[in-house]
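First residue of the sequence shown: -13, per the working numbering; consecutive thereafter. The block underneath contains the structure these notes are about, expressed in structure tokens.
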Amino acid sequence: MEYNDIDISNSKFKRKVKMPKAYPDQEEPLSLTDIRELLEYNSNHRLRAFLILLLSSGMRAMEACSLRLQDVDFSSSPTKITIRREYSKTRRIRTIYCSDEAT
């Protein structure tokens, strides 16, 4: 390989130049029919309520499992949920809202 009349060996080039990262394609969200099927074929009421909470708020499963009653503010509309720092992926306090059908 040559650049401006300077010879560059392939091994040197590979060590000096970093290849760009390959980013994965963005995943498609669940369709409305997929969500309906999930909820329709689920007979366990606790799991169904858990799924509705996850789907309506967008919170992660571990965040939902770590919720305490004091983290949920039912007096606000829509219901306000505070995710504690130790259970957040970013290690910051997060405030999220869930729909009325989840409460």
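No residue lacks a Cβ here, since even glycine has one placed at the ideal position from N, Cα and C.
Asked: Backbone secondary structure at ARG71 - three-state DSSP; Found: helix
Asked: For VAL58, the residue or residues it bridges with in DSSP; Found: ILE67
Asked: Run of the alpha helix (DSSP H) containing PHE38, from where it starts to where it stops; Found: The displayed chain sequence assigns Ile, not Phe, to residue 38. Segment 31 to 43, the alpha helix (DSSP H) holding ILE38.
Asked: Cβ pair count under 8 Å reaching 3, the region 48 to 63 against the region 4 to 12; Found: no
Asked: Residue closest to LEU18, alpha-carbon to alpha-carbon, out of ASP86, ALA35, LYS66 and SER42; Found: SER42
Asked: Reduced DSSP secondary structure (H/G/I, E/B, other) of THR19; Found: helix
Asked: Outcome for ILE38 when other beta-carbon atoms lying within 10 angstroms are tallied against a minimum of 16; Found: buried
Asked: Supposed close pair ARG32, LYS75 - CB separation, criterion 8 Å; Found: No, ARG32 and LYS75 are not in contact; Cβ-Cβ is about 24 Å, not under 8 Å.
Asked: Distance, CYS84 Cα to THR65 Cα; Found: 6 Å
Asked: ILE79 burial status per 10 Å Cβ neighbour count (16 or more: buried); Found: exposed
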